[in-house]
Amino acid sequence: MTTAPAESGPLDSGRLDSGDVGSGAVGSGDVEQRRILVTDIPGPRSTMLHERKMSAVSAGVATGLPVYVVRAAGGILVDVDGNHLIDLGSGIAVTTVGNSAPRVVAAVRSQVEDFTHTCFMITPYEEYVAVCERLNSLTPGDGEKRSALFNSGSEAVENAIKVARTFTGRTAVVAFDHAYHGRTNLTMALTAKNMPYKQGFGPFAGEIHRVPMAYPYRWPTGAEHCADEAFDAFVSQVHTQVGEQNTAAVIIEPIQGEGGFIVPPTGFLKRISDWCTENGILLIADEIQTGFCRTGDWFACEHEDVVPDLITTAKGIAGGLPLAALTGRADVMDSVHAGGLGGTYGGNPVACAAALGAIETMEAEDLCGRARQIEALFLPRLRALAERFDAIGEVRGRGAMLAIELVTGGPDKTPNPALTSALNAYCHRQGVVTLTAGTFGNVLRFLPPLSAGDDLLTEGLDILEQAFVASL
Ligand code: PLZ
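My numbering puts the first residue of the sequence shown at 28, with every later residue one more than the last.
What follows is the structure, encoded as structure tokens:
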């Protein structure tokens, strides 16, 4: 069934075609927007496929929830057994416009028929240029900007470091505790957490220096001291251990993603940004998880009035097709010698077409507004749960990037990864796709597609509530 051509499966009948584009709703096609469980999760067909996976795919590639997907749209994933699961993960913040969003489908179909690849470095095409133009105008800052396109978030981050080193003539890079920037050699070095990302994979790239993150919930002297003390520690450590004059860039996620949806105190980012400017150091905002309407603005930096020198994006940019970008000040981006940036597939025309369709969808459907509505739906429910269950140490996040941090209860804030796994597994068994995060594995995070309807989101929250009752 999974190997059948996409158009021939029984679930494909009545699929939205390009004629439906612009109908108003972010398309859910013919995928019924309802949780439907017809087997246990995972069901028998998924279980069989998973056995094949175990003997064909490297054990290094793990699976969070082994249901095998055949269709997805709106806020629903349909598996091979015919179960309809509520998607609260968006494939880790990727399908922000929804799976197979009509404008993305139409743009991809048309592009695939025209041509699939030429290599932009050899014989270019308009779609790449158009994506860069959109990025240059949508990202924070009114100054002249340039962009370059890549295949993955990690690659965008690597290139941000290459550009920063070229422009400044300096080599050191400062990253934060709990940071996640990727799995390639340089980005592993930037990523903070050892298991599973770094264990056994060293030696890592040099000239990466780590400083404390402003993590209010776990700040040793209390959240009220977090902004000042974290900023002072940052300044002092860079000064004493690295040297401002050696520092090319400071890289930060405006809200940390894999690290546990850590929201720094208001003003912290701005102080870092101003200090970087004073010291000729570039600020790189890694908006790979926070970007493209996810937090209720196009980019999370906007909320803090911060204009980074360089911004990395990926994930939500192209509705599920692999695309990533580096956007930044024109003088910085143009400091690299011709031929210094590139790659065979970077800015593939099909991925670029998808990005143009995704960005058009975000504008036409006001998906930033939708992310704020989702925040308004989730936060009161999560806060009510926190009132009821001591195990919820903190509710945090912004827009449709929300999380609860789980502890054993009591004042010591001991992380509770066992409860986190139990809640996650309960939601999965009930057909709700939740994700975990956090340096201590004790954060349950919610990243629904912005195309999911309120009914589905409410039902997802009901099941989360049941998960607490069942697990505590
Ligand atoms: N920067 C902020 O969130 C990707 C990775 C999950 P790639 N996060 C999900 C996993 O276990 O691999 C991410 C991110 C931020 C960079 C990246 C890296 O993006 O497209 O996965 O390379």
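Backbone N, C-alpha and C fix where the C-beta goes; we use that ideal spot for every residue, glycine too.
Open item on the list: Using only the alpha-carbon positions, how far apart do T218 and Y224 sit?
Closed with: Each residue's alpha carbon lies about 8 angstroms from the other.
Open item on the list: Taking 6 angstroms as the cut-off, is the beta-carbon of Y207 closer than that to any non-hydrogen atom of ligand 1?
Closed with: yes
- [ ] Report the rounded CA-to-CA distance for I188 versus R408, giving the unit in angstroms.
- [x] Their backbone Cα atoms lie some 40 angstroms apart in a straight line.
- [ ] Tell me whether the beta-carbon of S55 lies closer than 7 angstroms to the beta-carbon of D106.
- [x] no
- [ ] Specify whether the stretch 450-467 and the stretch 100-119 touch according to this definition: at least 3 beta carbon pairs, one from each stretch, less than 8 angstroms apart.
- [x] yes
Open item on the list: Just to confirm before moving on: does the CB-CB distance between I359 and F194 stay below 7 angstroms?
Closed with: A small fix is needed here, since residue 359 is Val in this sequence, not Ile. Yes, Cβ-Cβ distance for V359 and F194 is below 7 angstroms.
Task: Rounded straight-line distance, which links the Cα of G437 to that of S164 - done: 48 angstroms
TODO: Could you tell me if G102 is buried or exposed, where buried requires 16 or more neighbouring beta carbons within 10 angstroms of its beta carbon?
DONE: buried
Open item on the list: For H330 and R356, what's the separation of their Cα atoms in angstroms?
Closed with: 20 angstroms
TODO: Only counting runs of 3 or more residues, tell me where the beta strand (DSSP E) segments fall wholly within the stretch 294-333, in order along the chain.
DONE: 309-313
Task: DSSP beta-bridge partners of E421 - done: For E421, the pairing in a beta bridge is given by DSSP as E432.
Open item on the list: Along the chain, where does the beta strand (DSSP E) containing D106 start, and where does it finish?
Closed with: I103 to D106
TODO: Go through its chain and collect everything with a Cβ distance to P291's Cβ below 6 angstroms, but skip five positions before and after it.
DONE: A241
- [ ] Measure the CB-CB distance between V58 and A381 and report whether it falls below 7 angstroms.
- [x] Cβ atoms of V58 and A381: not closer than 7 angstroms.
Task: Beta-carbon proximity check, L353 vs T339, cutoff 7 angstroms - done: yes
Open item on the list: Please tell me whether, using a cut-off of 6 angstroms, the distance from the CB of E305 to the nearest non-hydrogen atom of ligand 1 is below it.
Closed with: Outside the cutoff, so no.
Open item on the list: Quick check: what's the CA-CA separation for G287 versus G487?
Closed with: Looking at the two C-alpha atoms, the distance is approximately 20 angstroms.
Task: Buried or exposed (CB count within 10 angstroms, at least 16 for buried), G227 - done: Counting Cβ neighbours within 10 Å, G227 comes out exposed, since fewer than 16 surround it.
Task: Three-state class that DSSP yields for T485 in the structure shown - done: helix
Task: Euclidean distance between Cα positions of F258 and K220 - done: 21 angstroms
Task: Limits of the unbroken beta strand (DSSP E) element including I278 - done: T274 to I279
TODO: Give the straight-line distance between the Cα atoms of G49 and N375, rounded to the nearest whole angstrom.
DONE: Residue placement at G49 cannot be trusted, given a pLDDT of 33 that sits under 50; the coordinates are not used to answer.
Task: Helix, strand or coil at Q264 according to DSSP, with G and I counted as helix - done: helix
Task: Bridge partners - K189, DSSP secondary structure assignment - done: Bridge partners of K189: none, in fact.
Task: Residues near G367 in its chain [Cβ-Cβ closer than 8 angstroms; skip 5 each side] - done: Answer for G367: K189 and T193, listed in chain order.
TODO: Please confirm whether L429 and N469 have their CB atoms less than 7 angstroms apart.
DONE: Going by C-beta atoms, L429 is not nearer than 7 angstroms to N469.
Open item on the list: With a threshold of 8 angstroms, are at least 3 pairs of Cβ atoms found where one atom belongs to the stretch 445-455 and the other to the stretch 274-282?
Closed with: no
Task: CA-to-CA distance, V200 to I299, given in whole angstroms - done: 14 angstroms
Task: Any beta strand (DSSP E) of 3 or more consecutive residues that is wholly inside the stretch 124-156 - done: none
TODO: Please name the residue, chosen from M215, V96 and L394, that lies closest to P230 on a Cα-to-Cα basis.
DONE: Cα-wise, what sits closest to P230 is M215.
Task: Chain-order list of residues whose beta-carbon lies under 8 angstroms from that of R425 (same chain, five-residue window excluded) - done: I282, V290, T322, G323, A327, H330 and E402
Open item on the list: Within 10 Å of its beta-carbon, does V334 have 16 or more other beta-carbons around it, so buried, or fewer, so exposed?
Closed with: buried
Open item on the list: Quick check on DSSP: helix, strand or coil for G396?
Closed with: helix
- [ ] Take P239 as the anchor and find which of G233, A232 and F261 has the nearest alpha-carbon.
- [x] F261
- [ ] Tell me whether D313 counts as near ligand 2, meaning its Cβ is closer than 6 angstroms to at least one heavy atom of that ligand.
- [x] Ligand 2 is absent from the structure shown, which contains only ligand 1.
- [ ] For Q316, verify whether its CB is less than 6 angstroms away from any heavy atom of ligand 1.
- [x] yes
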